[in-house]
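Asks: Have a look at this one.
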Amino acid sequence: MDYRFSKSVDETPNSVWPIVLVTNPKDANFLMPEKEPVNRISQSDHIRVLVWSNSTIKNVSLWIDDVYVGQAKQAASIFANAGPSPLYVLPWNPSELQDGSTLRVKVVDAAGNKRIITQPISVAGIPRRQFTYISQWILRSQIPLNLSVVFYMSWLFVFMVLVIPRCFGDNWLQFSRNKPSFFRGLYRFSHETALVGPVLVFLLYELVGPIFLGFLIPGHFGALFSFGIVIAGTFVREGLTYFCELLQLWVFFLFVIVIGIRSFAQQQPISRRHTCAVPTDLFTCTIIFTTFQFILILTTICLPYGFSAVCLSPGRLMPLAVSWYLAYRVSRLSFSREIRTATSRLLSNDGASVQSRSHETAALSMSHSP
49 MDYRFSKSVD ETPNSVWPIV LVTNPKDANF LMPEKEPVNR ISQSDHIRVL VWSNSTIKNV
109 SLWIDDVYVG QAKQAASIFA NAGPSPLYVL PWNPSELQDG STLRVKVVDA AGNKRIITQP
169 ISVAGIPRRQ FTYISQWILR SQIPLNLSVV FYMSWLFVFM VLVIPRCFGD NWLQFSRNKP
229 SFFRGLYRFS HETALVGPVL VFLLYELVGP IFLGFLIPGH FGALFSFGIV IAGTFVREGL
289 TYFCELLQLW VFFLFVIVIG IRSFAQQQPI SRRHTCAVPT DLFTCTIIFT TFQFILILTT
349 ICLPYGFSAV CLSPGRLMPL AVSWYLAYRV SRLSFSREIR TATSRLLSND GASVQSRSHE
409 TAALSMSHSP
């Protein structure tokens with residue numbers, strides 16, 4: 049803090065020295081007139097720069113609008129045994145500057161390390177906000193709220209894709225013979241309760257059920273939901289849970305549901321020796337989804353909370369079970385459908401032959417009658 053102005057610098061312990069932070073004037077991109085005394089910028093008499101390095105600082109040079117204004121001097125330390133002060137100051141006259149100027153600071157230490165900082169400044173205290181539209185939207189928006197909206201809209205889309213075809217009767221399937229095979233497969237998939245049932249159960253559970261349970265903090269058992277965390281009788285809204293659930297939902301939809309529908313639509317006749325064969329593309333995508341799910345479990349549950357939390361994670365284990373169940377059942381139902389079709393054709397042919405024979409018998413009896 050510098051006269052109630054908040055400042056920050058994005059550095060890590062492994063950053064290259066020196067580290068530079070201009071405290072006055074503050075970067076115009078991050079001015080907050082509603083919370084900061086921005087009028088003090090025009091009333092200040094020194095430019096203030098904080099400089100840290102593991103070597104002695106040789107010089108701190110400053111430019112305003114590409115005009116050299118001088119070399120900042122190291123301020124005296126307040127405490128006798130505190131060592132050299134990291135503060136460097138240079139007198140200036142803000143009234144001589146036009147609003148919308150640019151400040152450039154160049155720092156060189158004894159080891160030859162160099163750092164140049166360039167930032168817009170506003171003497172009048174008016175924010176510049178030189179960010180892209182996406183950056184401004186991210187900074188100003190409520191990330192948890194946006195993620196929740198995207199998650200619920202995505203969930204509704206997947207749910208409706210599976211439910212709407214069930215509203216159509218068999219006449220639609222006859223009418224859709226000229227449509228792409230994917231839509232016919234979607235119709236058949238949604239009408240097979242053995243296939244769509246487990247998927248809908250998982251979708252409903254993802255909406256309201258806990259992702260996993262465990263000791264989220266030492267001594268306190270809690271549950272993590274898609275909409276937040278419940279621990280010690282307290283609900284905490286968390287945006288990261290929406291992101292993880294959104295990622296899992298779309299990977300499950302694209303690699304399991306879509307490929308399962310496609311395999312169900314394009315299933316070729318199966319020989320008697322391969323009645324349980326799993327389609328290659330569905331099997332491959334199921335392995336990909338399983339790998340993704342294991343990585344998600346490892347990084348978000350196992351490493352932070354331990355193996356016991358993995359055993360209590362139905363929100364992560366359920367989609368794995370559903371994906372392998374679909375990979376097995378798609379081929380079985382396709383084979384059963386072929387058997388039913390062949391049987392119905394055989395029965396219809398037998399019925400037609402019996403009817404034709406009855407007609408022949410009746411004709412012969414009439415011909416032999418006096």
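Going by my numbering, the first residue of the sequence shown is number 49, and it counts up by one from there.
Quick reminder that beta carbons are idealized off the backbone N, C-alpha and C, glycines included.
1. Is it buried or exposed, PHE355, if we count other Cβ atoms within 10 angstroms and call 16 or more buried?
2. How big is the Cα-Cα spacing for PRO367 and VAL247?
3. In whole angstroms, what is the alpha-carbon distance linking PRO317 and SER379?
4. Quick check on the DSSP output: what are the complete alpha helix (DSSP H) runs of length 4 or more inside the segment 56 to 128, in order along the chain?
5. My assumption, with CB atoms under 8 Å, is that PRO66 sits in contact with VAL137. Please give the rounded CB distance.
6. Taking the Cβ atom as the reference point for each residue, do PRO175 and LEU69 lie within a distance shorter than 8 Å?
7. Determine the closest residue to VAL64 out of ASN72, GLN91 and SER101, with distance taken between C-alpha atoms.
8. Does the beta-carbon of ALA280 have 16 or more other beta-carbons within 10 angstroms, so that it is buried, or is it exposed?
9. Do ILE105 and ASP157 come within 8 Å of each other at the CB atom, strictly closer than that value?
10. Is it buried or exposed, GLU144, if we count other Cβ atoms within 10 angstroms and call 16 or more buried?
11. Any idea if GLU82 is buried or exposed, counting beta-carbon neighbours within 10 angstroms, 16 or more meaning buried?
12. GLY287: which of THR328, ARG96, SER274 and TRP298 sits nearest, CA to CA?
13. Under the assumption that ILE259 contacts GLY363 (Cβ atoms under 8 Å), give the Cβ distance between them as a whole number of angstroms.
14. Enumerate in chain order the residues of its own chain whose CB-to-CB distance from LEU234 is below 7 Å, with the five nearest sequence positions on each side excluded.
15. Just the Cα atoms here: how many angstroms apart are TRP111 and THR71?
16. Reducing DSSP to helix, strand and coil, say where GLN341 ends up.
17. Would you decide whether ALA369 is buried or exposed? Buried here means 16 or more other CB atoms lie within 10 Å of its CB.
18. Using 8 Å as the Cβ pair cut-off and three pairs as the minimum, do the segment 201 to 208 and the segment 291 to 302 touch?
19. Please go through the same chain and pick out, in chain order, the residues whose beta-carbon is closer than 6 Å to the beta-carbon of LEU210, but skip the five residues on each side of it.
20. If you draw a straight line from the alpha carbon of ASN161 to that of ASN77, how long is it in whole angstroms?
21. GLN167 lies in the beta strand (DSSP E); which residues open and close that run?
22. For the beta strand (DSSP E) containing SER149, name the first residue and the last one.
23. Relative to the alpha-carbon of THR166, which residue among LEU302, ILE307, VAL99 and ASP75 has its alpha-carbon at the smallest distance?
24. In the DSSP assignment, the alpha helix (DSSP H) including ALA242 goes from what residue to what residue?
25. Taking only three categories from DSSP, how would you classify PRO367?
26. With 16 as the cutoff for other CB atoms within 10 Å, does CYS359 come out buried or exposed?
27. Please list, in chain order, all residues of the same chain as ARG163 whose beta carbon is under 6 Å from its beta carbon, the five residues on each side excluded.
28. Which two residues bound the contiguous beta strand (DSSP E) that contains PRO139?
29. DSSP three-state label for ALA280, please.
30. Excluding the 5 residues preceding and the 5 following SER149 in the sequence, name in chain order all residues of the same chain whose CB lies nearer than 6 Å to its CB.
31. Looking at the structure shown, is ILE259 part of a helix, part of a strand, or coil, going by DSSP?
32. Helix, strand or coil: how does DSSP classify PHE291 here?
33. Between VAL171, LEU251, THR332 and GLU293, which has its C-alpha nearest ILE89's C-alpha?
34. Here's the rule I'm using: 16 or more other beta-carbon atoms within 10 Å means buried, otherwise exposed. How should TRP185 be labelled?
Replies: Quick answer:
1. Residue 355 sits at position 307 when you count from the first residue of the sequence shown. Residue burial annotation: PHE355 is exposed, with fewer than 16 other C-beta atoms found within 10 angstroms of its C-beta.
2. As a position in the sequence shown, residue 367 is number 319, starting the count at 1. As a position in the sequence shown, residue 247 is number 199, starting the count at 1. If you draw a straight line from the Cα of PRO367 to the Cα of VAL247, it comes to about 8 Å.
3. Taking the sequence shown and counting its residues from 1, one reaches residue 317 at position 269. Taking the sequence shown and counting its residues from 1, one reaches residue 379 at position 331. A caution first: PRO317 carries a pLDDT of 46, below 50, which makes its placement in the model unreliable, though a value can still be read off. If I take the Cα positions, the gap works out to 10 Å.
4. The segment 56 to 128 contains these whole alpha helix (DSSP H) runs: 87 to 91.
5. On the sequence shown, residue 66 is found 18 positions in, with the first residue counted as 1. On the sequence shown, residue 137 is found 89 positions in, with the first residue counted as 1. About 17 Å; that fails the 8 Å criterion.
6. Numbered from its first residue, the sequence shown carries residue 175 at position 127. Numbered from its first residue, the sequence shown carries residue 69 at position 21. Against a cut-off of 8 Å, the Cβ pair of LEU69 and PRO175 comes out as no contact.
7. The residue labelled residue 64 in the question sits at position 16 within the sequence shown. Comparing Cα positions, the closest option is SER101.
8. As a position in the sequence shown, residue 280 is number 232, starting the count at 1. When all chains shown are included, ALA280 counts as exposed.
9. Start at 1 with the first residue of the sequence shown, and residue 157 comes out as number 109. Start at 1 with the first residue of the sequence shown, and residue 105 comes out as number 57. The answer is yes: Cβ separation under 8 Å.
10. Counting from 1 along the sequence shown, the entry for residue 144 is found at position 96. It is exposed - the Cβ of GLU144 has fewer than 16 other Cβ atoms within 10 Å.
11. For the purposes of this step, residue 82 is identified with residue 34 of the sequence shown, where counting begins at 1. Label assigned to GLU82: exposed.
12. Counted from its first residue, the sequence shown places residue 287 at position 239. Nearest Cα to GLY287 within the set THR328, ARG96, SER274 and TRP298: SER274.
13. Residue mapping note: residue 259 aligns to position 211 of the sequence shown, counting from 1. Residue mapping note: residue 363 aligns to position 315 of the sequence shown, counting from 1. Confirmed, about 3 Å.
14. Here the question's residue 234 lines up with position 186 in the sequence shown. When the five nearest sequence neighbours on each side are left out, the beta carbons in the same chain lying within less than 7 Å of the beta carbon of LEU234 are those of PRO213 and ILE309, in order along the chain.
15. Working through the sequence shown from its first residue, we reach residue 111 at position 63. Working through the sequence shown from its first residue, we reach residue 71 at position 23. Those two C-alpha atoms are separated by around 16 Å.
16. Here residue 341 refers to the residue found at position 293 when the sequence shown is read from its first residue. Residue state, collapsed to three classes: helix.
17. As a working note, residue 369 is residue 321 in the sequence shown. Counting other Cβ atoms within 10 Å of its Cβ, ALA369 stays below 16 and is therefore classed as exposed.
18. When C-beta atoms of the segment 201 to 208 are compared with those of the segment 291 to 302, three or more pairs fall below 8 Å, so the two segments count as touching.
19. Numbered from its first residue, the sequence shown carries residue 210 at position 162. These residues qualify, in order along the chain: SER238 and VAL244.
20. Counted from its first residue, the sequence shown places residue 161 at position 113. Counted from its first residue, the sequence shown places residue 77 at position 29. A direct Cα-to-Cα measurement between ASN161 and ASN77 gives close to 27 Å.
21. For the purposes of this step, residue 167 is taken as the residue at position 119 of the sequence shown. It spans 162 to 169 - the beta strand (DSSP E) in which GLN167 sits, taken as one unbroken run.
22. To locate residue 149, count along the sequence shown from 1; it is residue 101. Looking at the DSSP string, the run of the beta strand (DSSP E) that includes SER149 is 149 to 157.
23. For the purposes of this step, residue 166 is taken as residue 118 along the sequence shown, with counting starting at 1. Taking each of LEU302, ILE307, VAL99 and ASP75 in turn and checking the Cα distance to THR166, the smallest one comes out for ASP75.
24. Translated into positions along the sequence shown, residue 242 becomes position 194. ALA242 -> alpha helix (DSSP H) spans 241 to 256.
25. In the sequence shown, residue 367 corresponds to position 319, counting from 1. If DSSP states are grouped into helix, strand and coil, PRO367 belongs with the helices.
26. Taking the first residue of the sequence shown as position 1, residue 359 is located at position 311. Using a 10 angstroms sphere on the CB of CYS359, the tally of other CB atoms stays under 16, which defines it as exposed.
27. Against the sequence shown, residue 163 aligns to sequence position 115. Closer than 6 Å at Cβ, skipping near neighbours: PRO66, VAL68 and VAL155.
28. In the sequence shown, residue 139 corresponds to position 91, counting from 1. Taken as a continuous stretch (DSSP letters only), the beta strand (DSSP E) holding PRO139 covers 135 to 139.
29. Counting from one through the sequence shown, the residue named residue 280 turns up at place 232. Correct three-state label for ALA280: coil.
30. For the purposes of this step, residue 149 is taken as the residue at position 101 of the sequence shown. Correct list, in chain order: ILE112, ASP113 and ILE169.
31. Numbered from its first residue, the sequence shown carries residue 259 at position 211. The answer is coil: DSSP assigns ILE259 none of H, G, I, E or B.
32. Your numbering for residue 291 matches position 243 in the sequence shown. The answer is helix: DSSP assigns PHE291 an H, G or I state.
33. On the sequence shown, residue 89 is found 41 positions in, with the first residue counted as 1. Just measuring C-alpha positions, the residue of VAL171, LEU251, THR332 and GLU293 sitting nearest ILE89 is VAL171.
34. The count along the sequence shown starts at 1 and reaches residue 185 at position 137. Around the beta carbon of TRP185, fewer than 16 other beta carbons sit within 10 angstroms, so the residue counts as exposed.
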